[in-house]
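Comments concern the structure below.
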Amino acid sequence: LPVTVKIRSGIEAGDRSGFDLAVRLAEEVGVAAIGFHPRVATKGHKGAPDYALTRELVERVEVPVIVSGGLSSAAAAHSAYRESGAAAVMIARGSLGNPWLFEELTGARSEPPSREEVVTELLWVVDRAEEHLGAERAERYLRKFYPWYMERLQAPAAIAEELQRSADLSRARELIGSLAEPVPVA
Numbered sequence: 356l357p358v359t360v361k362i363r364s365g366i367e368a369g370d371r372s373g374f375d376l377a378v379r380l381a382e383e384v385g386v387a388a389i390g391f392h393p394r395v396a397t398k399g400h401k402g403a404p405d406y407a408l409t410r411e412l413v414e415r416v417e418v419p420v421i422v423s424g425g426l427s428s429a430a431a432a433h434s435a436y437r438e439s440g441a442a443a444v445m446i447a448r449g450s451l452g453n454p455w456l457f458e459e460l461t462g463a464r465s466e467p468p469s470r471e472e473v474v475t476e477l478l479w480v481v482d483r484a485e486e487h488l489g490a491e492r493a494e495r496y497l498r499k500f501y502p503w504y505m506e507r508l509q510a511p512a513a514i515a516e517e518l519q520r521s522a523d524l525s526r527a528r529e530l531i532g533s534l535a536e537p538v539p540v541a
């Protein structure tokens with residue numbers, strides 16, 4: 356059974372315990388591949404990942420290394436891939452509110468999504484959340500999704516704020532639908 360592991364470089368600044376563990380897992384345990392996030396845990400998702408450290412891991416182990424962390428655009432993913440020498444990239448948070456990123460990376464898309472596509476996608480997310488969670492839970496759950504899409508749509512603050520406060524999915528759908536057309540700049 357091929358087993359992979361995903362690990363961060365360490366816990367806090369200067370700590371390479373995750374790097375060292377990745378080496379041991381490859382050399383002593385025989386994992387098939389390593390997903391490596393070259394940013395310490397205390398940084399969360401802030402700060403620049405250390406792709407040079409990923410390159411060091413790539414050069415140290417015989418198994419494929421898959422780089423993750425900071426890959427929120429096709430350009431960032433391509434850059435990390437080149438800088439790190441990794442066998443592949445692993446997209447995670449970078450795709451939140453941006454499912455088109457996968458098409459960009461595979462070459463299936465060269466243009467950013469239209470407003471209509473973004474709105475359609477977000478409405479699909481709302482529908483699936485309601486379908487799987489029920490309306491009441493979906494209303495709360497979706498609040499973490501709205502900002503990703505509102506930023507992409509450059510939605511007026513009033514709409515973004517109402518989506519965060521709204522406890523009603525029909526109103527949320529109405530607000531989202533209103534964003535299909537460009538919003539006039541005051």
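Under this note's numbering, the first residue of the sequence shown carries the number 356, and numbering increases by one thereafter. Where a beta carbon is used, it is the ideal one built from N, C-alpha and C, also for glycine. If you're wondering where the values come from, they're calculated on a predicted model, not measured in any experiment.
message: By DSSP's criteria, K361 is part of a beta bridge. Which residues make up the other side?
response: G390
Of the listed residues R394, V378, S427, nearest to L412 (C-alpha basis): V378
Unbroken stretches of the beta strand (DSSP E), 3 residues or longer, contained in the segment 409 to 480: 420 to 422
- prompt: Run through DSSP, which three-state label would Q519 get?
  reply: helix
message: Helix, strand or coil for V395? Go by DSSP, reduced to three states.
response: coil
query: Are the segment 470 to 484 and the segment 433 to 450 touching, with three or more C-beta to C-beta distances below 8 Å?
result: no
Coarse secondary structure for E536, derived from DSSP in three states: coil
- request: Kindly indicate which residue of S469, R371, A484 has the alpha-carbon position closest to the one of L524.
  value: A484
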